[in-house]
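For the sequence shown, this note's numbering assigns the number -13 to the initial residue and increments by one for each residue that follows.
Have a look at the structure below, then the notes.
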Amino acid sequence: MTPEPTVARQDAFFRELVELSTDVVYRLDAAGVVTFMSGAVTRIFGYTVDEVVGRNIFDMMHPETRKAALARRAAKEEEREETSVYETLGLRKDGSTLWIEVTSTAVRKDGRLVAIQGAIRDISARRAALDALRGSDAKYRELVESASDIIYTHTLDGRFVDINEGALQAYGYTREEFASMKVQDLVLPEDLPIALQATAAKASGSMARTGPYPLRTRAKDGHVIPLEVTSRVVRDGDRTLVQGIGRDLTERQAAKATFDVLAGLAADVRAAPTTEDALHVLLERLAKEGAWTCGEAWAPAPDGKSLVLSPAWSGGTEPAIQRFRKLSQKISYGPGEGAIGRVWQTGTSVWLSDLRATPGVVRASAAAAAGVRSAAVLPLLDGTTVVAVLAFFAPEPRSQQLSWLRVAEQAAANAGMVLARRQAQDRLADALGLMCLQLGASPAAVLVVDASGNLVAANAAFAALCGTALRNGRPAAVTMGGGVEQEMEDPARFAERARDLYMGRGDLRQAGRVHERSIVDLRGDDGKGHGKLMVLRDVTAARETQESLRRLQQRETAADA
-13 MTPEPTVARQ DAFFRELVEL STDVVYRLDA AGVVTFMSGA VTRIFGYTVD EVVGRNIFDM
47 MHPETRKAAL ARRAAKEEER EETSVYETLG LRKDGSTLWI EVTSTAVRKD GRLVAIQGAI
107 RDISARRAAL DALRGSDAKY RELVESASDI IYTHTLDGRF VDINEGALQA YGYTREEFAS
167 MKVQDLVLPE DLPIALQATA AKASGSMART GPYPLRTRAK DGHVIPLEVT SRVVRDGDRT
227 LVQGIGRDLT ERQAAKATFD VLAGLAADVR AAPTTEDALH VLLERLAKEG AWTCGEAWAP
287 APDGKSLVLS PAWSGGTEPA IQRFRKLSQK ISYGPGEGAI GRVWQTGTSV WLSDLRATPG
347 VVRASAAAAA GVRSAAVLPL LDGTTVVAVL AFFAPEPRSQ QLSWLRVAEQ AAANAGMVLA
407 RRQAQDRLAD ALGLMCLQLG ASPAAVLVVD ASGNLVAANA AFAALCGTAL RNGRPAAVTM
467 GGGVEQEMED PARFAERARD LYMGRGDLRQ AGRVHERSIV DLRGDDGKGH GKLMVLRDVT
527 AARETQESLR RLQQRETAAD A
């Protein structure tokens, strides 16, 4: 039985995360081709996500600026630059231009550039605001005040002359309080030399503009606001002033940290050799991120009518916790039963701040004995189908942690899609194993691929057509995890030749033999496609007989004439 959750989560990888930011979050391969881009690309550039994935990111930049962007990518490839922040002209889908700020960071593996990730922000309003500051034109003042960035003017000794509404909102000071303050009152002491050096460079005339550079500041209530600052020298009569813009990086830093967590977690889940290993990786990482004592996974029983405890487990080596787990192995949850069953039924997360104050907890006494006080339960979703349920526990009461919950839910949704495919592959592997054993001695050459086009099964006759053989004389090979090629004596030759044969059309003519090709879909009881079966039958004798009959008929027709 498959529960039907009331809330569907069908967003693509990382969609919930990037909705927290107005920036376009992206990831490129080493050649600059987009492999991921957040939904903000529609608002800023007018493209849908599907339209940009697979394209080169430089298509979204003005032609006159692409050369500089290519040079920056080359610098990362040559390890001359790891992270860069720069302003450039972007190109919308409708052909119009806009000013954007691009942040890009190199991602390396074994010292080799494998990807570039970062963010793009629309800074058209900021550029207009800087123009307003330069000209002090009244018609731009409203734009300056409405900007979310911190826009300021101060003297060379750091005393504030002007500040916009964005700064008042960010720091919590009034305009009158700012009038008596200096830059030194906001910047953290350890970062103050950076600010003073930038001001000194502008005061000496050696540099008219500095930035963007990072600077940590402190609000009135004490919390730290990390900024990215760009400033320049302006003249006001006989006074020399510094005008600048500071962007609050809190959101970007949090988004990047979360992005890194999800990116690494998704890769580890995909690389896990078995479903249990994938669940273990997911539990370990999410438990660590949320500082949970232990984590468990519940998966559908073979009959699909209940959830049973999976072998996957994280943490909790204490005897009391182990007794709690041992008890859990003896029970199951039906739809709607306890928090585990409710999450399975609804597809929505449940946060239990204090188990002792929560009625209807199925394992209440065992949890109390184990010292467990709070729990978070969330679904692993494949679209709208719950494929498993995760539960995390802590020894103290906890109020809901929205930041962790958002990351965990998105990670679980991503993992749910991976695990659903793997479960389907496992079911297919069982069926294919029996089928290929039955066809192992068949003279027909048999190849099976899964729904993603991966080679998953082949018999000896097919291996022979590829110019190799199965190891140890096995009648068939089914290796869903590592690939069918591992069972071949010449894996590289088999992999190349097998794909050529699968992609071919019509009869196969090889070594004087003719093989008739047929491909059929493999579908489950639910009607979903699970792969394809290709059979190559040797029809040489039949074709020769047909040709002989055709010639005989031609001779008889000619004689009658």
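Positions of the beta carbon are idealized from the N, C-alpha and C atoms, including for glycine.
Using alpha carbons as the reference points, say which of the options lies closest to residue i.
| i | options | result |
| --- | --- | --- |
| Arg107 | Pro477, Thr303, Gly490, Asp135 | Asp135 |
| Pro198 | Thr454, Ser339, Phe44, Val71 | Val71 |
| Met47 | Asp80, Ala189, Ala61, Ser335 | Asp80 |
| Ala57 | Arg29, Gly40, Gly18 | Gly18 |
| Leu391 | Val363, Asp368, Val372 | Val363 |
| Cys452 | Asp486, Ala394, Val442, Tyr157 | Asp486 |
| Gly517 | Ala165, Leu441, Pro288 | Leu441 |
| Lys62 | Thr51, Ala101, Thr454, Leu522 | Ala101 |
| Asp9 | Ala325, Gly290, Ser90 | Ser90 |
| Val393 | Ala273, Arg499, Ala92 | Ala273 |
| Ile180 | Pro200, Ala399, Gly191, Leu235 | Pro200 |
| Arg271 | Glu214, Gln387, Ala397 | Ala397 |
| Leu313 | Gly327, Leu295, Ile326 | Leu295 |
| Gly97 | Ala114, Glu65, Leu75, Leu77 | Glu65 |
| Gly327 | Gly144, Ser389, Val348 | Val348 |
| Gly333 | Glu530, Gln387, Glu395 | Glu395 |
| Ser300 | Trp284, Gly290, Phe31, Glu67 | Trp284 |
Assign residue i to one of three DSSP states: helix, strand, or coil.
| i | result |
| --- | --- |
| Thr74 | strand |
| Asn440 | coil |
| Trp284 | strand |
| Gln(-4) | Any answer about Gln(-4) is weak, because its pLDDT of 38 lies below 50 and its placement is not dependable; what the coordinates show is given next. It is coil, neither helix nor strand. |
| Gly250 | helix |
| Leu405 | helix |
| Leu538 | helix |
| Gly317 | In the sequence as displayed, the identity of residue 317 is Ile instead of Gly. It is coil, neither helix nor strand. |
| His516 | strand |
| Thr141 | strand |
Counting only the same chain and skipping the five closest in sequence on each side, list residues whose C-beta sits under 7 Å from that of residue i.
| i | result |
| --- | --- |
| Val255 | Ala264, Val267, Leu268, Ala401, Val404 |
| Gln532 | none |
| Ala187 | Met193, Thr196 |
| Tyr488 | Leu433, Val435, Met520 |
| Met23 | Val10, Tyr12, Val35, Val38, Val39 |
| Thr454 | Met474, Glu475, Asp476, Arg479, Phe480 |
| Gly152 | Ala133, Ser134, Asp135, Ile136, Ile137 |
| Pro321 | Pro(-11), Gly327, Trp330, Gln331 |
| Leu77 | Met46, Met47, His48, Thr83 |
Just to confirm my understanding: we take residue i, look at its own chain, exclude 5 residues before and 5 after, and list those with CB closer than 8 Å. What are they?
| i | result |
| --- | --- |
| Arg221 | Leu227 |
| Ala354 | Leu341, Arg342 |
| Asp297 | Residue identity differs from the one stated: residue 297 is Pro in this sequence, not Asp. Hits under 8 Å: Glu262. |
| Gly515 | Ala437, Asp507, Leu508, Arg509 |
Going by beta carbon distance, what residues of the same chain come within less than 6 Å of residue i, once the five residues before and after it are set aside?
| i | result |
| --- | --- |
| Thr344 | Leu338 |
| Gly468 | Residue placement at Gly468 cannot be trusted, given a pLDDT of 42 that sits under 50; the coordinates are not used to answer. |
| Arg523 | Ala430, Glu502 |
| Ala189 | Leu142 |
Using the Cα positions of residue i and residue j, report the straight-line distance between them to the nearest angstrom.
| i | j | result |
| --- | --- | --- |
| Ala350 | Arg483 | 59 Å |
| Thr141 | Asp207 | 25 Å |
| Thr370 | Ser292 | 18 Å |
| Thr203 | Glu163 | 16 Å |
| Ile137 | Asp177 | 19 Å |
| Gln170 | Gln239 | 24 Å |
| Gly250 | Val93 | 11 Å |
| Gln386 | Val358 | 16 Å |
| Glu275 | Met167 | 39 Å |
| Val464 | Leu456 | For Val464, the pLDDT reaches just 41, beneath the cut-off of 50, and the residue's location in the model is therefore unreliable, although a value from the coordinates is still provided. Answer to the nearest angstrom: the Cα atoms are 11 Å apart. |
| Thr216 | Asn150 | 15 Å |
| Ala253 | Pro259 | 12 Å |
Using a beta-carbon distance below 8 Å, is residue i in contact with chain B?
| i | result |
| --- | --- |
| Arg408 | Absent from the structure is chain B; it holds one protein chain and no more. |
Give a single yes or no on whether residue i has its beta carbon closer than 7 Å to a heavy atom of the ligand COA.
| i | result |
| --- | --- |
| Glu73 | Of the ligands one can find in the structure shown there are none, so the ligand COA has no counterpart to examine. |
query = Taking contact to mean at least 3 C-beta pairs separated by less than 8 Å, is the region 98 to 112 in contact with the region 70 to 89?
reply = yes
inquiry  = Measuring CB atoms only, is the region 300 to 318 touching the region 274 to 287, in the sense that at least three cross pairs come out at less than 8 Å?
reply    = The region 300 to 318 makes contact with the region 274 to 287, as at least three CB pairs between them are under 8 Å.
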